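Worksheet: the structure to be examined is printed underneath.
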Amino acid sequence: MPLIELKHVVGGYGGAPILNGVDMAIEASDIGVIVGPNGAGKSTTLKAIFGLLRVTGGTIEFGGENIANSLPDKLVPKGLSFVPQEKNVFTSMTVEENLEMGAFTRTDDFRPTMDWVYSMFPVLAEKRRQPAGELSGGQRQMVAMGRALMSKPKLLMLDEPSAGLSPRYVIEIFETIVRVNKEGVGILMVEQNARQALAFASKGFVLAQGQNRFTGTGPELIADPEVAKSFLGG
Amino acid sequence: MDELIFFINRVLISGTVLGSIYALGAVGVTLIFGILRFAHFAHGDMMTMGAFVAFVLAAAMTAMGIVTPLPAGFVVLPLAMIITAVLALGLDKGFYAPLRQRGAKPVTLLIASIGVTLMIQGLTRLIFGSGTRTFFDTESKDIFRIDMSWAGGSRPISITEPQVIMFIVTALIVVALHLFLTRSRLGKAMRAMADNAALAQVSGINTALVVRVTWVIAGALACVAGTMLALDVALMPDLAFNIVLPIFAAAIVGGLGHAYGAIVGGFLIAFAETMAVFNWTAVLRPINGLLPEGMALPANLALVPTEYKLTVAFVILVITLLVRPTGIFKGAST
Ligand SMILES: Nc1ncnc2c1ncn2[C@@H]1O[C@H](COP(=O)(O)OP(=O)(O)OP(=O)(O)O)[C@@H](O)[C@H]1O
Ligand SMILES: [Mg+2]
Chain A
20 MPLIELKHVV
30 GGYGGAPILN
40 GVDMAIEASD
50 IGVIVGPNGA
60 GKSTTLKAIF
70 GLLRVTGGTI
80 EFGGENIANS
90 LPDKLVPKGL
100 SFVPQEKNVF
110 TSMTVEENLE
120 MGAFTRTDDF
130 RPTMDWVYSM
140 FPVLAEKRRQ
150 PAGELSGGQR
160 QMVAMGRALM
170 SKPKLLMLDE
180 PSAGLSPRYV
190 IEIFETIVRV
200 NKEGVGILMV
210 EQNARQALAF
220 ASKGFVLAQG
230 QNRFTGTGPE
240 LIADPEVAKS
250 FLGG
Chain B
2 MDELIFFINR
12 VLISGTVLGS
22 IYALGAVGVT
32 LIFGILRFAH
42 FAHGDMMTMG
52 AFVAFVLAAA
62 MTAMGIVTPL
72 PAGFVVLPLA
82 MIITAVLALG
92 LDKGFYAPLR
102 QRGAKPVTLL
112 IASIGVTLMI
122 QGLTRLIFGS
132 GTRTFFDTES
142 KDIFRIDMSW
152 AGGSRPISIT
162 EPQVIMFIVT
172 ALIVVALHLF
182 LTRSRLGKAM
192 RAMADNAALA
202 QVSGINTALV
212 VRVTWVIAGA
222 LACVAGTMLA
232 LDVALMPDLA
242 FNIVLPIFAA
252 AIVGGLGHAY
262 GAIVGGFLIA
272 FAETMAVFNW
282 TAVLRPINGL
292 LPEGMALPAN
302 LALVPTEYKL
312 TVAFVILVIT
322 LLVRPTGIFK
332 GAST
C-alpha cells in the first residue's frame, strides 16, 4: 500500500475546477517530483492534499484512510507536513520558535527532533535566537523545512523549495531533501528546476491543465524526448 | 520643591493611571487586530461592560455584608475578568464568528463592531440607567499622603489606594502577558498567527483555539481597564467609549499587532495628554523672579485646554501615520 495515493482528484478554489483528475502514488521511500508549465495546478495539487482548498471529486488516501478535505490541524498529527512556496517562515519569531511552532500538534518531548533538525542544518543551530526574518533566502528555506520536519512527518510536501536560491543553495537544499528521504520520510515536491530535481526523483509527474501528462521515474521522464521537448525546454 | 510635588501629583501619577488604562485597552485592540485583522471598535464598550460586571459583583459583595481591607472593586476583579472574558467569547460567537465564516472583509467586521457598540451601550442604559455611579458609595477612597516636609515641601505627594493597586495590577498583568507570549506554547502560537496566519494553519496550529484565547485575554484586560477607569473616575454607560480614540491611537502608535508596542503607546499617549493639559505655570513659577520687572508668566500655561484633550491623541496618531505608519515597533498592518 502506498503512503499516499491520489485517485482522480478534482478540485479548485470555488470556480471552475483547477484539478481535473490527478493521479499520484508515493511510497515512504519515494522522492516524488511534480513538474509542469505555469498554472498547471502543481501548487494546487499540494494544497488539495493539505486541505487548503475543496476537493470535489476523487479520493486522497493517506495510510489507507481518505483524507480529502481534512484540515491541517488534523493532517499534521497524522504525519503530513507542507512547506509553502512563499511566506513560509514566521519572520518576527526566532529560528527556534519557528521550529517549536512546527511541533505545535505534538504532546511528547520534541527536543530530540529539534536536535535532529539542527544536526541537519548546523547553521540554524548557530542562529537559533535570531528572528527568522533576518536570515538569508537559503537559510529561511532551511527554517521552513526544519519547521515542517518538527512534526516528524511521514510525508513532507515542498512547493518549489529551490525557488529564488543561488545555485550553491539549490544543490544544498536538494542534498538535504535526499538526506531527509533516506531517514524514512517520503517526499512530494513541486520544482521549476525540473531537470535537476527529476534527476534524483524516484517518481516524476508531468502535470498540465490539471491532469497527469506523463508519469515515470525521474530519469525516465528526462530521457523521454516528448517530455524533454514540451516540458523541459528541449 | 512644591512645584515638583505638584508635577508628580498632577502629571506623573495621573499619567501613569491613565497610561495603565490605555495600555490594557490597547493590548486587547492590538491582539484582536493581529489575530483577526479587524479594528474592534466596540473595545471601549467591552471595557465599560467589564466595569459594570465588577460593579454588580462589588455591590453584591457589599450587600452580603462582606467587608474587605481592599476596595471591593479590586477584590471582585478576578471573577469580573472571567465573566467579561466569557461575555467577549459570546460576542465573538454571536456576531463576529458568523461573519468570518462567510469570509467577511475587515471593514464588514468593523461595521459589525460599531453595531455591537450601540448594542452594549443600549443594554447598559436599559439595565443601569444613564446616570453616573461610583464604587465608593459605601466605602471611602483611602488617600496616602507622603509627607515631603523633610525636603522642604509644604504639600504632600498624594496618591489614592486604588491608584496604588492599579499600578501593581498593571505591572503584574504586563509581566504575565510577557511570560505568556514568550514562554507558553499557546502564547507563541498567538504570535505565530499574528505574524502569518496561513503558515500557522499549515503548521497545524489550532487557530480556532488561538482566536478564543485572544478574546479571553482581550476581554479580561478590558475588564481590568474599565474597572480601573470607573474606580478612578466614575461609572457610566459611555465610560470607555470616550477613550476609544486614544486607545486606538496607542495601538497604532505602538504598531498594530504588537503587544509591547501597545503598552508603550498607551503610556506615551497618556503622558502626552496629561502634559498637554497640565498648567506649566505652576511649575515654572520660580522663574517669575528672574523675569524683568512687570513681566510674569500667564496664569494658565497649558498647551491644550482640558476640553480639547482628545485632540492630543488625534494629533499623535496623524503624525505617526505620516512619519512612521507601521508604528514604533514594526506592526502587522503592513
Ligand atoms: N487562491 C487561488 N484562487 C483562485 N485561483 C487560483 C488560486 N491559486 C491559483 N489559482 C489558479 O489555479 C491555477 C493553477 O495554479 P497553481 O498555483 O496550482 O499553478 P502552478 O502549477 O503551481 O504554477 P506555477 O508554476 O506558476 O507555480 C491557475 O490558473 C491559477 O490562476
Ligand atoms: Mg506553484
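Here the protein sequences line up with chains A and B, keeping their order. Per the working numbering, residue 20 is the first one in the first sequence, and the count goes up by one each step. Per the working numbering, residue 2 is the first one in the second sequence, and the count goes up by one each step. We put the beta carbon where it would ideally sit given N, CA and C, even for glycine. All values reported here derive from a predicted model rather than from experimental measurement.
By the rule that beta-carbons nearer than 7 Å mark a contact, B/Lys-106 does not touch chain A.
Counting only runs that start and end inside the stretch 93-152 of chain A, the beta strand (DSSP E) elements of at least 3 residues fall at 99-102. One residue list follows from the rule of a beta carbon closer than 7 Å to any heavy atom of ligand 2, given in chain order as A/Lys-61, A/Ser-62, A/Gln-104, A/Asp-178, A/Glu-179, A/Val-209.
Closest in C-alpha terms to A/Lys-93, from the list A/Ala-182, A/Gln-215, A/Phe-69, comes A/Phe-69.
In the three-state scheme derived from DSSP, where H, G and I count as helix and E and B as strand, A/Lys-173 is classed as coil.
By the Cβ neighbour-count rule, A/Lys-106 is exposed, with fewer than 16 other Cβ atoms within 10 Å of its own.
Look at A/Ala-242 here: in three-state DSSP terms it is helix.
Under DSSP, B/Val-217 forms no beta bridge with any residue. A/Thr-64 is outside the set of residues whose beta carbon lies under 7 Å from a beta carbon in chain B.
For B/Lys-189, the uninterrupted alpha helix (DSSP H) segment begins and ends at 186-196. Taking a 10 Å sphere around the C-beta of B/Trp-216, we find 16 or more other C-beta atoms and assign the residue as buried. Proximity of the beta carbon of B/Tyr-97 to ligand 1 is not indicated: no heavy atom of the ligand is located closer than 6 Å. Under the three-state reduction of DSSP output, A/Gly-30 falls in the strand class. Contact between A/Ala-87 and A/Val-102 is ruled out by a C-beta separation of about 21 Å, above the 8 Å threshold. Annotated as proximal: B/Ala-40 and B/Leu-111, with beta-carbon spacing under 7 Å. By the neighbour-count criterion, in which a residue is buried when 16 or more other Cβ atoms sit within 10 angstroms of its Cβ, B/Asn-301 is exposed. Counting C-beta atoms within 10 angstroms of its own C-beta, A/Met-208 has 16 or more neighbours from the protein chains shown and is therefore classed as buried.
Sequence-distant Cβ neighbours of B/Ile-83 in its own chain, meaning closer than 8 Å and more than five residues away, are Ala-221.
The alpha-carbon separation between A/Asn-117 and A/Arg-166 amounts to approximately 6 Å. Contact annotation: in the stretch 172-189 of chain A, no residue has its CB less than 7 Å from a CB in chain B. Not one heavy atom of ligand 1 falls within 6 Å of the beta-carbon of A/Ile-79. What A/Glu-239 touches in chain B, judged by beta-carbon distance under 8 Å, is nothing: the nearest beta carbon there is about 32 Å away. Not a single heavy atom of ligand 1 lies less than 6 Å from the C-beta of B/Ala-260.
With 16 or more other Cβ atoms inside 10 Å of its own Cβ, A/Ile-50 counts as buried.
Note on geometry: alpha-carbon atoms of A/Pro-172 and B/Tyr-261 lie some 35 Å from one another. Per DSSP, the beta bridge partners of A/Leu-207 are A/Gly-51, A/Met-176.
B/Val-278 sits close to B/Lys-310, with the two beta carbons spaced by under 7 Å.
Shown in chain order are the members of the stretch 111-127 of chain A whose Cβ falls below 7 Å from a Cβ of chain B: Ser-111, Met-112, Glu-116, Glu-119, Met-120, Gly-121, Phe-123, Thr-124.
Sorting A/Ala-44, A/Ser-138, A/Gln-230, A/Ala-242 by C-alpha distance to the C-alpha of A/Ala-213 places A/Ala-242 at the top. If you check the CB distance, B/Ala-24 and B/Ile-264 come in under 7 Å. Proximity of A/Lys-106 to chain B, defined by a Cβ-Cβ separation below 7 Å, is satisfied. Its Cα nearest to that of B/Ala-27, the residue B/His-44 stands out among B/Tyr-97, B/Leu-119, B/Arg-38, B/His-44. In this chain, the alpha helix (DSSP H) harbouring B/Asp-3 covers 3-8. Ranked by how close their Cα comes to the Cα of B/Arg-213, the residues B/Val-54, B/Gly-74, B/Ala-98, B/Asp-3 have B/Ala-98 in first place. Taking one beta carbon from each stretch, the stretch 146-163 of chain A and the stretch 34-42 of chain A have fewer than 3 pairs nearer than 8 Å; the two do not touch. Here A/Met-20 is exposed: its Cβ has fewer than 16 other Cβ atoms, across all protein chains shown, within 10 Å.
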